[in-house]
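So the structure is just underneath, and the comments pick up after that.
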Amino acid sequence: ASEGGLMTAEFRPWSELVEPFKFDMDAPFFSMLVPTVDTTRFSYLLEVLIEADRSVLYTGVTGVGKSVVATDALRRLEEPKGLVPIFINFSAQTAALDTQLLIESKLEKKRKTRL
38 ASEGGLMTAE FRPWSELVEP FKFDMDAPFF SMLVPTVDTT RFSYLLEVLI
88 EADRSVLYTG VTGVGKSVVA TDALRRLEEP KGLVPIFINF SAQTAALDTQ
138 LLIESKLEKK RKTRL
């Protein structure tokens, strides 16, 4: 069995895996994640897909928690997995060059032309 009982080789309802909410007075309101069946399911699937070196794209209407779920799951990743999350907020004013420069600023330069 793994942490949280997710790898027990048996089917269980997602509702059994939802962790209790821990309120943090110092956390900004919009960064709080209240665990629900959906947030538990989406976080788990994100972690499994990252472990399998697969890309993930969350879609949905504004305000359903896509960014909060993804950010929470990425922050809980162990660093030895070789991943460094970069959080980028896009809007109608986001330019491709700005995005490229932000991503490149987080990369390690190996040679003059290779990051």
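Residue numbers (our numbering): 38 to 152.
Each residue gets a CB set at the ideal place from its N, CA and C atoms; glycine is no exception.
What residue range does the alpha helix (DSSP H) around THR77 cover?
Here the alpha helix (DSSP H) through THR77 covers 74–88.
Count the other CB atoms within 10 Å of the CB of LEU86; is the residue buried (16 or more) or exposed (fewer)?
With fewer than 16 Cβ atoms within 10 Å of its Cβ, LEU86 is classed as exposed.
Okay, do the segment 71–81 and the segment 50–62 touch, 3+ Cβ pairs below 8 angstroms being the bar?
They touch, by the three-pair rule.
Note the first and the last residue of the continuous alpha helix (DSSP H) segment covering VAL121.
From DSSP, VAL121 is part of no alpha helix (DSSP H); its letter is neither H nor E.
Cβ-Cβ distance between LEU138 and PRO122 below 8 angstroms:
In this structure, LEU138 sits away from PRO122, with a CB-CB distance that is not shorter than 8 angstroms.
Taking the beta carbon of LEU134 as the centre, do at least 16 other beta carbons fall within 10 Å, making it buried, or is it exposed?
Under this definition LEU134 is an exposed residue.
Whose C-alpha, out of ALA89, THR99, GLU84, is nearest the C-alpha of PHE127?
The candidate whose alpha carbon is nearest that of PHE127 is THR99.
If I follow the unbroken alpha helix (DSSP H) through THR96, where does it start and stop?
The continuous stretches of alpha helix (DSSP H) do not include THR96, and DSSP gives it neither H nor E.
Alpha-carbon to alpha-carbon, PHE67 and LEU94
CA-CA distance, LEU94 to PHE67, rounds to 21 angstroms.
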